[in-house]
Amino acid sequence: MYKNCALIEGRKKTQYQFTYLAQVGGAYGLAEFTSTRYEKHEIDVSKFTKEQLAHLEKNKRKFDMQAEYERLSDMDLENWENVRVARPDGLEESLQNNTTKP
C-alpha cells in the first residue's frame, strides 16, 4: 500500500516538473522565434536598390529651420476653417450597425 502511494506522489512531482519545464522552454522558444521574425523583417524593409535611393535623394526637400519658421508664421491661423474629411464607402453603415441603444 505504501509502495503505491510513493509511486503516485513521485508521478505528481514529475508531472509538475514537466509542466514547469514546458512553460519555461516555450517562453524561451517563443522569444527566439519572434526575435528572428523581427530581424528578418528589418532586413527586408531596409533593402533599397540604388535606383530607389537615387530617386529618394532627388526628391528630397532641403530643410531649413528659418525657412520653415517663416512658412508657418505666414499661415493665417485666426481665420482657418475646419473641414471634415469624407468617410470611406461602407463605413457609414457599419458604424450605424455597431451602435448600441440604451
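Numbered according to numbering that gives the first Met the number 0, the sequence shown spans residues 0 to 101. Just so it is clear, CB atoms sit at the ideal spot from N, CA and C, and this is done for glycine as well.
Near the ligand MG: residue i beta-carbon under 7 Å from a heavy atom
i: aspartate 73; result: Of ligands this structure carries none, so the ligand MG is not represented either.
Unbroken alpha helix (DSSP H) run spanning residue i, endpoints
i: serine 45; result: Run containing serine 45: none; DSSP gives neither H nor E here.
i: leucine 71; result: 64-72
Any chain C beta carbon closer than 8 Å to residue i
i: asparagine 78; result: No chain C appears in the structure shown, which is made up of a single protein chain.
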